[in-house]
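Single-structure report; data block below.
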Amino acid sequence: MDVAREISKKVCLLGDFAVGKTSLVHRFVYDRFDDRYISTIGVKVSRKVVMVPHDASHSVIKVSLLLWDLAGSEEFHSLQSSYLRGASGAILVCDLTRPSTLDSIPRYLESLHRVVSDVEIVLAGNKADLTDQRCITEDAMMQTASSLNVPYDFTSAKEGDRVETLFRNMAKALID
1193 MDVAREISKK VCLLGDFAVG KTSLVHRFVY DRFDDRYIST IGVKVSRKVV MVPHDASHSV
1253 IKVSLLLWDL AGSEEFHSLQ SSYLRGASGA ILVCDLTRPS TLDSIPRYLE SLHRVVSDVE
1313 IVLAGNKADL TDQRCITEDA MMQTASSLNV PYDFTSAKEG DRVETLFRNM AKALID
């Protein structure tokens, strides 16, 4: 396949502590999962290149995703704006076993929009594999996504379910 062009896009992962932002990045970039919890301090940047089909021309666009995994603590909240600058996309992550993490999503979106206004956004309900502990319904996710006017998806960093799809859909949205 011919590469039509190469682009680089910054995508920030936002959400409360322990929702699985780092695990989503590790699953996508390295295809690994580690269930030991180590809180992100500040920001961690990872990179992965994805090929996105381009039109009907049988060529692809090479998208280098720069994934900024931002800490979810209140102490870090004041520093976030400097890390959000230049973002083209954001994945807002909640933990399906903790309703408070979905409740805080609008606050992350507001912080993001104070810094960048033209940004692709998706809401990810992570830990979908924990069905017996799940507290956030599909209806609640749909209502939140609808009120924020963003698409949503359910993921499991542990099992790898829909993680690749989440990031590839983001890459496609960034070039459309």
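Numbering (my numbering), first residue to last: 1193 to 1368. Here a beta-carbon is modelled for each residue, glycine too, at the ideal position from N, C-alpha and C. Keep in mind that this is a model prediction, so the values were computed, not measured.
If you check the beta carbons only, do residue i and residue j fall under 7 Å apart?
| i | j | result |
| --- | --- | --- |
| aspartate 1287 | valine 1211 | yes |
| glutamine 1325 | threonine 1289 | yes |
| leucine 1322 | leucine 1304 | no |
| glycine 1281 | methionine 1362 | yes |
| valine 1255 | isoleucine 1199 | yes |
| valine 1241 | isoleucine 1253 | no |
| aspartate 1208 | threonine 1293 | yes |
| histidine 1246 | alanine 1196 | yes |
| glutamate 1312 | alanine 1365 | yes |
Going by other Cβ atoms of all chains shown within 10 Å of its Cβ, with 16 needed for buried, is residue i buried or exposed?
| i | result |
| --- | --- |
| asparagine 1341 | exposed |
| tyrosine 1344 | buried |
| lysine 1202 | buried |
| threonine 1329 | exposed |
| glutamate 1267 | Because the pLDDT at glutamate 1267 is just 47, under 50, the model does not fix this residue reliably, and the point stays unresolved. |
| tyrosine 1222 | exposed |
| phenylalanine 1302 | According to the sequence shown, residue 1302 is glutamate rather than phenylalanine. Under this definition glutamate 1302 is an exposed residue. |
| histidine 1250 | exposed |
| methionine 1333 | buried |
| aspartate 1226 | exposed |
| threonine 1357 | exposed |
| arginine 1239 | exposed |
Taking C-alpha atoms, which residue in the options lies nearest to residue i?
| i | options | result |
| --- | --- | --- |
| aspartate 1284 | Lys1201, Asp1227, Pro1298 and Ser1274 | The question names aspartate, but residue 1284 is leucine in the sequence shown. Closest by alpha carbon: Pro1298. |
| proline 1291 | Lys1254, Gly1317 and Ala1363 | Gly1317 |
| serine 1309 | Leu1315, Ser1273 and Asp1331 | Ser1273 |
| valine 1314 | Val1235, Ser1339, Asp1194 and Arg1224 | Ser1339 |
Return the Cβ separation of residue i and residue j in integer angstroms, given the expectation that the two are a contact with Cβ distance under 8 Å.
| i | j | result |
| --- | --- | --- |
| leucine 1259 | leucine 1205 | 7 Å |
| leucine 1216 | valine 1355 | 6 Å |
| arginine 1372 | glycine 1352 | In the structure as shown, the chain starts at 1193 and stops at 1368, and residue 1372 therefore has no counterpart that could be examined. |
Legend entry - Whole runs of the alpha helix (DSSP H) within the segment 1287 to 1314, excluding any shorter than 4 residues: Runs of the alpha helix (DSSP H) inside the segment 1287 to 1314: 1291 to 1295 and 1297 to 1307.
Inset, instruction - Note down, one range per segment and in chain order, each beta strand (DSSP E) of at least 3 residues found wholly within the segment 1201 to 1267. - result: 1235 to 1246 and 1251 to 1262, all fully within the segment 1201 to 1267.
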